[in-house]
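Note that the protein sequences, when read in sequence, are chains D and Y.
Here the first sequence stands for residues 1 to 800, where the numbers follow this note's numbering.
Here the second sequence stands for residues 1001 to 1800, where the numbers follow this note's numbering.
The next block holds one structure in the form of structure tokens; read it before the comments.
Number of protein chains: 2
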Amino acid sequence: MANITKKVSWSSRADESGITGEGTPLLNGSEQPRLSRQLSGGGRIFQIGRLSTVDLEEEISSEEQDSLRGRPKEIPHNEKLLSLKFESLDYDNIENQLFLEEERRMSYMGFRCLEISRWVVCGLIGFLTGLIACFIDIVVEEMAGIKYRVVKENIDKFTEVGGLSISLILWVVINSVFVMVGAILVACFEPIAAGSGIPQIKCYLNGVKIPRVVRLKTLLVKVFGVICSVVGGLAVGKEGPMIHSGAVVAAGVSQGRSTTLKKDLKMFEYFRRDTEKRDFVSAGAAAGVSAAFGAPVGGVLFSLEEGASFWNQMLTWRIFFASMISTFTLNFFLSIYHKNPGDLSNPGLINFGRFQNDSVAYNLYEIPLFIIMGAIGGLLGALFNKLNYWLTIFRIRYVHRPALQVIEAMLVAAVTTTVSFTMIYFSNDCQPLGPEHTEEYPLQLFCADGEYNSMATAFFNTPEKSVRSLFHNQPGTYNPLTLGLFTLTYFFLACWTYGLVVSAGVFIPSLLIGAAWGRLFGILLASITSTGSIWTDPGKYALIGAAAQLGGIVRMTLSLTVIMVEATGNVTYGLPIMLVLMTAKIVGDYFVEGLYDIHIKLQSVPFLHWDAPATSHWLTAREVMSSPVTCLNRIEKVGTIVDVLSNTSTNHNGFPVVTQGAGGEEPAKLCGLILRSQLIVLLKHKVFVELARSRLSLRKLQLKDFRDAYPRFPPIQSIHVSQDERECMMDLNEFMNATPYTVPQDTSLPRVFKLFRALGLRHLVVVDDENRVVGLVTRKDLARYHLGKHGLEELQLAQT
Amino acid sequence: MANITKKVSWSSRADESGITGEGTPLLNGSEQPRLSRQLSGGGRIFQIGRLSTVDLEEEISSEEQDSLRGRPKEIPHNEKLLSLKFESLDYDNIENQLFLEEERRMSYMGFRCLEISRWVVCGLIGFLTGLIACFIDIVVEEMAGIKYRVVKENIDKFTEVGGLSISLILWVVINSVFVMVGAILVACFEPIAAGSGIPQIKCYLNGVKIPRVVRLKTLLVKVFGVICSVVGGLAVGKEGPMIHSGAVVAAGVSQGRSTTLKKDLKMFEYFRRDTEKRDFVSAGAAAGVSAAFGAPVGGVLFSLEEGASFWNQMLTWRIFFASMISTFTLNFFLSIYHKNPGDLSNPGLINFGRFQNDSVAYNLYEIPLFIIMGAIGGLLGALFNKLNYWLTIFRIRYVHRPALQVIEAMLVAAVTTTVSFTMIYFSNDCQPLGPEHTEEYPLQLFCADGEYNSMATAFFNTPEKSVRSLFHNQPGTYNPLTLGLFTLTYFFLACWTYGLVVSAGVFIPSLLIGAAWGRLFGILLASITSTGSIWTDPGKYALIGAAAQLGGIVRMTLSLTVIMVEATGNVTYGLPIMLVLMTAKIVGDYFVEGLYDIHIKLQSVPFLHWDAPATSHWLTAREVMSSPVTCLNRIEKVGTIVDVLSNTSTNHNGFPVVTQGAGGEEPAKLCGLILRSQLIVLLKHKVFVELARSRLSLRKLQLKDFRDAYPRFPPIQSIHVSQDERECMMDLNEFMNATPYTVPQDTSLPRVFKLFRALGLRHLVVVDDENRVVGLVTRKDLARYHLGKHGLEELQLAQT
């Protein structure tokens, strides 16, 4: 059953990095904090000897590591756990001597150049994200067109002969094959590329290191996966994955190298640290939203809503710039593709079409109706989330082998197609073809000449086009029964689809479900009221319904409002959309959390919310912190360091550095903080005091060495340290962060939380009133507390 | 010449509060930092005796205080000074025992109720702000209508008789009287209400306490002042003041009481501290923007761009809610006023009108043109700002008496009117009246019947309507010469007008200037190119020009883009507006700062930017901090505290509390921080250890006592302390913030800055490695450093 955690969790391959989580001992608070320095002399030499045979380049397989660490084989999977395997990003700069020297050497012009290169990187991020969106859009459109022609020919041929079951089989096979390819790509090559990627990016922007989430390989799988799943006719959209794609592009471009390609352009080396990378990833995510919805402002707000801790104006502008370039690029290339070059007024993958003011003005007395729709959206969203939650639990338990996952995806594709076909077959909702043939994929089926089957259109179109036609088609285009049936089936299909091992988003299906019941609502309203002057156009109800349904599922408010407003291209609807989204959120939150939050919780990610739980003032740093903490001396024995680093199960990834008083009698004071990754680099380069003395010509270690190793530092096991070297000493003074943030042990949890969250810290040292280390607060110590039904609850920590 | 600082500066009446600035000694950095505890035994009893005769309620006149403090009489006024008289807001909660006890007592439901009341307050803020905007709009419209009818009748009567000079005089007199009333209101009753109020709100949101800026009296003067100046025909807008009005409403509503009205509703007492108040003021400012431009999202972004340090999602939503309610309220009441009740699609004071997509689509090859326009806007904006800078310097030197200020305002009104009249008189730009009589104020003058003078329209309309007609009128409505002349004159008039003692904004004049030259640009373009299919509509160039000019003057980007997009009601123009605003900012910043920043600098406000100057890594907390710092003991003698508080010239407003070692030999460790305001309340309530022992029934001091005194704590001079009481002791343990944020003395300036800015601190204690106090960092210590032309510069501190 170890496979459960291996195959379903986001970080299935996390173990390769060889870095384990912050091993917070579960016993704290009750225990009296004390300064304990676990410096085991040198008793584990056998282990060192064994491990030193491992080559530096060789990756340890995860099975081997599992057995090494004695990980429990079966873990009850629920949302009341916090996984220990997720690391924090270091958003706080490591201000050690090397860093300060570099910063001090740099002239004002140097900083200007850096700033300009940040803008250039953001421009590139926007451009590439736009290109990717454009590529996905064009390929999907072309392949959907081919598929439509093939199936239509077949159907036309068999409609009168009566052999429609052959058409059905043909269609099922085509769709299943596409979905199979997509599912195999994801399941076998990069499981992290499954789904929309929004929960993963949310976590990344929150400061959690999700392994492999921003790699080039993930991007490739994502792009081709999304094409396959959309063309395969699943109830999915291609918008969510754009956000993930943008983030990957950002991480790649800003680092100037790719691990997947094993290529280092030697550019932007200054940006090789978590602080800068996370900022660029924000820009990438924003550019993704911007390309997906043509919503540059919405993209910025999305990034801020999900990722910001500290609002920085220059950063916000750069994010905005990336968003702008992204939507511009997409728009420009799509305008060429659509043979209308230079027309820049359709700036997103999905375009809701223009709502002209005259036709769809709303009035004050419609506001209550909108709010009711918001409540319906909240209810339906909660139902959707709850169903999907159960389904996900089921999948975690029983569907965790790649083969099974691929088969499930194909099954969904087949069922989706069959249901569509059946509904098309039995619906007799014939509509006359418009004079201008506005419908792109009309299917005549059993309709009279000059008419088309509107149900077929709804199922055959890409979901984006269906949304648009629900918003804009003339009153009377859709039959209420058709809409009702469509809503019902699509709701369950979309719910089943989300969480499959295909890369696909939930935005568009949500919008589509909402638009369908919204339009139905509008039609019913028009049929109830007699005068019907203002109610005649059900399009606006479709829009409100779409907003309500999407809001009920994902529970975003501010950014989603702006995204919707930008996508409709009309500010007039800002107000009702806001109201609807707020209502949907309030109603939905009453029952169950948002879809993304559910999936984050099921992965046991230590996600930090905006504030500490309201009733947590009685907790202080003393109760929250992990203690005892392993400390190092300013000048420390190599053997000790190797032992400390090898003992991954109980140690953190940051070690307070302390200084012993002159007499040796006085207690040790905190004087710095050093990271596991820094120690690894030091060990790798053998920066030992004795060696420095003997070889005077030894090159001084520079920041560049740390940057080259970033972000995948080798595991301690891969570093060979001889018995002689173990007796050497290492001088940490130059490399440690000499001014770590600290809090006194009586600080209340909300205060600790605020400092931690606002500055994006990874380790926060707790000191007593004489500046002695008493504990360490990390992300998991803070994420553990949450408000449950019975007041403040503490999540369990698990190795899962 | 003491009047200079008294009458022109924002805080002319600041002295009433009796609190002086953080007295940072100018000698630091060079001096070796050491722990010096200035605890003068009891040598200044004579002073206490004298001061104790001052009654608690009596306010000390500022003259008296001037002489008391021996303030220098003449100070060279330039922008290289930092004033010591501005205080910081305490955005960080004071977590003392009282506070923690209250928070711990509160149940989860209690926090829910608080949260709900925050939403209610935000709703109220939005509602009232919307109402105020509505009131201003309706009054201005009605009075402008009356004025137009009176003048029109007169002109019509005299046009053919030839006595137009009488009309001119009538018009001049009417305008001057309006402006005079407005100027007298501002100059005599509340000088802080002058101008748009945006710089003041910017400073407030940045964390600087600007005295009297959020009082009810300021609001009243602002509202009536803006009505007078708009009706008086000045080149001003009513939008800027809305932001200030919203902020005042927010401060008033959230505190549940008004000092001006001497009324305490005993509501929302929990919100009586800087943290909560500043959050609500953000919401108020956003609601103001939202009401002014019908731009709720723009309002939120404005607040964030100007005010946010820590982005908090819940807070952002509340701000958004306030904005939404505000624009909704305004829209609703205006729709009733406009006899179109319930139509909710015109949500702002200014409404740019709808740009229909078909008519004004833009194309890729127009982007360079837009960028050129952005550069022009940047240049013109820089010119505007530079001229206004010189003018402001001149005003500070020579125009500082109220009488002179009122006369200047009247002069400007008279000149504006005369210039307008002359231009109308000499222009022969007759345009045919449209069939639907779209012009609201047509003036025939010397035009033929059925025609109207378009220059007269431009000058007679409220500026908002002129902007709209520049955007939307048919091609050919305006004669290029008219536009050119109009731009030129309006540019100088607006520049002269900004900074007068009238309450008025610069947004609309900027938009108008820009729209005028933008339209001119469009017309010239159309006349150069022959085909002219896309160039035919100069309206879009007017829009771009307006954006460029406004961006060039105020230099906002993200929020302004969104505001413009929301005000035009069309997302299509988002991209060009962004580009234009960015270009305008880059070009403008090359020459001179933004208008608001210039005015902030001229007031010597210690404004904290987003980051520390780039090249400041070589500075550490040790060089930056103020030292020596006055510390207090946990249990301190009342006499000492009174002496420390009386010595306002050298002390800060926060005092580290230290603990002496048991033997008296060990150095004193930091154990807390207490504020001057807290000590004042303790002294006022005579919370002395001896008294507590003798009177056991004494009511324990509660948080409520501190909240009641907030925000205007009495000066120390008003508190009577007898000679006996001076010998008593005060126990500070319960009241001090036991866990103040600290930094080690080697922390680099950027790191100190980041902590300070992100958490909105007021005092940051610098400690050595044994947790002993070595210094204190306050806002002025950080704001002092800025990047000048010759690298890092240090501003001088002055008592100004």
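Ideal placement from N, C-alpha and C gives every residue a C-beta, glycine not left out.
Asked                                                                                                                      : Found
Bridge-paired residues (DSSP) for D:Val-177                                                                                : DSSP output for D:Val-177 lists no bridge partner at all.
Alpha helix (DSSP H) runs wholly inside the region 321-405 of chain D, at least 4 long, in chain order                     : 367-398
Any chain Y beta carbon closer than 7 Å to D:Ala-375                                                                       : no
Buried versus exposed call for D:Lys-339 [16 or more other C-beta atoms within 10 Å across all chains shown]               : exposed
Minimum C-alpha distance to Y:Pro-1628 - residue among Y:Asp-1708, Y:Gln-1603, Y:Arg-1634 and Y:Arg-1772                   : Y:Arg-1772
Contact the region 1123-1131 of chain Y vs the region 1281-1288 of chain Y: 3+ CB pairs below 8 Å                          : yes
Listed by chain order, chain Y residues near D:Asn-312 by CB distance under 8 Å                                            : Trp-1610 and Asp-1611
Close Cβ partners of D:Leu-787 (< 6 Å) along its chain, the five nearest in sequence each way excluded                     : Pro-613
CA-to-CA distance, D:Ala-413 to D:Gly-145, given in whole angstroms                                                        : 18 Å
Buried or exposed by the 16-neighbour rule on C-beta atoms within 10 Å, applied to Y:Asn-1363                              : exposed
Nearest residue (CA-CA) to Y:Gly-1408, options Y:Phe-1099, Y:Ile-1528 and Y:Ser-1176                                       : Checking the sequence shown, residue 1408 of chain Y turns out to be Glu, not Gly. If we check each option's Cα against that of Y:Glu-1408, Y:Ser-1176 comes out closest.
Candidates Y:Asp-1597, Y:Val-1281, Y:Lys-1262 and Y:Val-1236, of which the one nearest Y:Val-1253 by Cα                    : Y:Val-1281
Start and end residues, alpha helix (DSSP H) containing Y:Met-1729                                                         : Not the alpha helix (DSSP H): Y:Met-1729 falls in the beta strand (DSSP E), residues 1729-1731.
Contact under 7 Å by Cβ, D:Thr-630 with D:Leu-234                                                                          : no
Residues of its chain near D:Met-423, where Cβ-Cβ distance is below 8 Å and the 5 sequence neighbours each way are ignored : Met-455, Phe-459, Leu-485, Phe-486 and Thr-489
Delimiting residues of the beta strand (DSSP E) encompassing D:Glu-793                                                     : 791-794
Given Y:Thr-1218 as reference, the closest of Y:Met-1109, Y:Phe-1189 and Y:Gly-1569 once Cα atoms are compared             : Y:Phe-1189
Neighbour-count burial assignment, Y:Gly-1450, 16 or more Cβ in a 10 Å radius                                              : exposed
Identity of the residue in Y:Gly-1381, Y:His-1763, Y:Ile-1396 and Y:Glu-1794 nearest Y:Val-1587 by Cα                      : Y:Gly-1381
C-alpha distance - Y:Met-1109 paired with D:Ala-322, whole-angstrom precision                                              : 43 Å
Beta-carbon separation (whole angstroms), Y:Gly-1551 vs Y:Leu-1560, contact threshold 8 Å                                  : 6 Å
Chain-ordered neighbours of D:His-617 on chain Y, where CB pairs are closer than 7 Å                                       : Leu-1100, Glu-1103 and Arg-1104
First through last residue of the beta strand (DSSP E) which encompasses Y:Tyr-1453                                        : The sequence given here has Asn at residue 1453 of chain Y, not Tyr. Unbroken beta strand (DSSP E) run through Y:Asn-1453: 1451-1453.
Below-7 Å beta-carbon distance, D:Leu-575 vs any chain Y residue                                                           : yes
Straight-line Cα distance separating Y:Val-1644 from Y:Asp-1769                                                            : 27 Å
CB contact check: D:Phe-735 to chain Y, cutoff 7 Å                                                                         : no
Contact set for D:Glu-794: own chain, Cβ-Cβ below 7 Å, skip 5 residues either direction                                    : Arg-784 and Tyr-785
For Y:Val-1226 and Y:Ser-1196, the rounded distance between their alpha carbons                                            : 9 Å
Min CB distance D:Asn-340 to chain Y below 7 Å                                                                             : no
Buried versus exposed, by CB contacts within 10 Å (16 or more), D:Pro-368                                                  : exposed
Own chain partners of D:Thr-482 with C-beta closer than 7 Å, once the 5 adjacent residues on each side are dropped         : Ser-427, Asp-429, Ser-454 and Met-455
Buried or exposed by the 16-neighbour rule on C-beta atoms within 10 Å, applied to D:Ser-466                               : buried
Residue span of the beta strand (DSSP E) that contains Y:Gln-1431, given as start and end                                  : 1430-1432
Contact with chain Y by D:Phe-328, beta-carbon distance below 7 Å                                                          : yes
Closer than 7 Å at the beta carbon, the chain Y residues around D:Met-324                                                  : Leu-1575 and Met-1578
Beta-carbon separation (whole angstroms), Y:Val-1502 vs Y:Val-1186, contact threshold 8 Å                                  : 6 Å
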